[in-house]
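Taking the numbering used here, the leading residue of the sequence shown gets 1, the next gets one more, and so forth.
Every residue, glycine too, gets a C-beta built ideally from N, C-alpha and C.
None of these values were measured; they are calculated from a predicted model.
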Amino acid sequence: METLLVDRAEGVVTLTLNRPDKKNAANGVMWEELRQVFREVAERPEDRVLVITGAGGAFCSGADLSDLTADNLHFLSRMRMIGDTALTLHRLAKPTIAKVAGVAAGAGCNLALGCDLIVASDEARFSEIFARRGLSVDFGGSWVLPRLVGLHKAKELALLADIISAKEALDIGLVNRVVPAGELDSFVDDWARRLAAGPPLALSMTKTMLNNSFAVSMDQALEDEARSQAVNFSTADTAEAMAAFIQKREPNFQGR
């Protein structure tokens, strides 16, 4: 790929944004390649977990504004394509982790927030920087940000467009963990391995129900849980989990 590096090992797919000279700013090619990788991971049963990170000490500085007219698309068409990339990530029914070192700004910030889990180094910085560029929030930020930090805090971050530290991001619930820069890789590797060893079908249904939780009633949530558990009890993975519990060993989940 032109803008991404993709590595697969033991069920973990590591996707690295690879435009370090631009702090991994996303151009039209990168948006399309991201969408392609998200779809591939969704379709490959051997891919259990997706980790997204950036090359050269940055996560992603946002959209590459110098590339706005490179593909001759009308701005609305271009933004719909970028939005479809965000939606493809959101719909990916497998665990995703953002591994954030350095800056995550604008659409790059919202790319991280679109993942299920966010682990940041203590040197990371986050910003909904759009207003400084005369723009409004995109890449799903208007939807995901208030769900993570609450409406008033989301308005503060989006309207003032401040750059916040990893510690502040942790304090307000924007990220899951902050670790020393030298421990970022090993920490994320451990979480990714644990997720890859988990039951794929059960994890996918749990993720879907949590994503839908703000849009359904308690009645509907309980019905969704009942259907999901009925599916689980029909799988080989749940039988394997029960056998492993009795035999006092770790289960070997196959996703079936």
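Note to self: Excluding the 5 residues flanking Val175 on each side, which residues of the same chain have their C-beta closer than 6 Å to its C-beta?
What the structure shows: Setting aside the 5 residues that flank it on each side, Val175 is surrounded in the same chain by Ile118, Ala120, Ala169, each with a C-beta closer than 6 Å to its C-beta; the list follows chain order.
Check: How is the beta strand (DSSP E) around Thr235 delimited, first residue to last?
Finding: According to the DSSP assignment, Thr235 belongs to no beta strand (DSSP E), since it is labelled neither H nor E.
Notebook entry, point to check: Taking the C-alpha atoms as reference points, what is the distance between Met81 and Lys248?
Noted result: Answer to the nearest angstrom: the Cα atoms are 49 Å apart.
Checklist line | Cutoff 8 Å; reference Asp237; Cβ partners in own chain excluding five residues on either side | finding: Cβ neighbours of Asp237 within its own chain (closer than 8 Å, five residues either side excluded): Pro199, Pro200, Leu201, Ala202, Pro251, Phe253, Gln254, Gly255, Arg256.
Item checked: Exposed unless 16 or more other CB atoms sit within 10 angstroms - verdict on Met205 -> Buried: at least 16 other Cβ atoms inside 10 Å.
Next item on the list: Just grab the DSSP bridge partners of Gly54 for me.
Entry: The partner list for Gly54 (beta bridge, DSSP) reads Leu17.
Note to self: Can you confirm whether Leu170, when its beta carbon is compared against all beta carbons of chain C, has any partner nearer than 8 Å?
What the structure shows: Looking at the structure shown, chain C is missing, and only one protein chain is on hand.
Margin query: Given a cut-off of 8 Å on the beta-carbon distance, is the pair Ala55 and Leu15 in contact?
Written below: Annotated as distal: Ala55 and Leu15, with beta-carbon spacing of 8 Å or more.
Next item on the list: Classify Lys167 as buried or exposed, calling it buried when 16 or more other Cβ atoms lie within 10 Å of its own Cβ.
Entry: Lys167 should be labelled exposed.
Notebook entry, point to check: For Asp190, does the count of other Cβ atoms within 10 angstroms reach 16, so buried, or fall short, so exposed?
Noted result: By the 10 Å Cβ count, Asp190 comes out exposed.
Notebook entry, point to check: Between the beta-carbon of Glu2 and the beta-carbon of Glu33, is there less than 8 Å?
Noted result: Cβ atoms of Glu2 and Glu33: closer than 8 Å.
Next item on the list: Going by CA-CA distance only, name the one from Glu46, Arg39, Asn24, Arg44 that's closest to Ala112.
Entry: Of Glu46, Arg39, Asn24, Arg44, the residue nearest in Cα terms is Asn24.
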